[in-house]
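Colleague:
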Amino acid sequence: MPSEGHADAVAPRLLDGKLQIQVKDGTTVGQAGGQVHWREPGDVVFHAEPATNAALHASEVSGPAT
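The working numbering puts the sequence shown at residues 87 to 152.
(1) Decide if residue 121 is buried, meaning its Cβ has at least 16 other Cβ atoms within 10 Å, or exposed.
(2) Would you tell me roughly how many angstroms separate the C-alpha atoms of residue 99 and residue 110, rounded to the nearest one?
(3) Beta carbon of residue 97, beta carbon of residue 108: below 7 Å?
(4) Look up residue 129 in the DSSP assignment and say whether it is helix, strand or coil.
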């Protein structure tokens, strides 16, 4: 996937009456001819650049504390 844009790593959708989990690739939306592409999770590799490193504090994470 390109290094710009937006992708949903876990995107549930209903296909043929069954709930499926896919990757929603919207990295080209907003560009001329761009559209959403649905991909199988096993066909996608996500790569995060070192500059994207961020620490999350407990107050920023929803759900019960562990």
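Every residue, glycine too, gets a C-beta built ideally from N, C-alpha and C.
Remember, it's a predicted structure, so these values are computed and weren't measured experimentally.
Modeller: Working from what's here:
(1) Counting the other Cβ atoms within 10 Å of the Cβ of residue 121 gives fewer than 16, which makes it exposed.
(2) Looking at the two C-alpha atoms, the distance is approximately 10 Å.
(3) Yes, these two residues count as a Cβ contact at 7 Å.
(4) Residue state, collapsed to three classes: helix.
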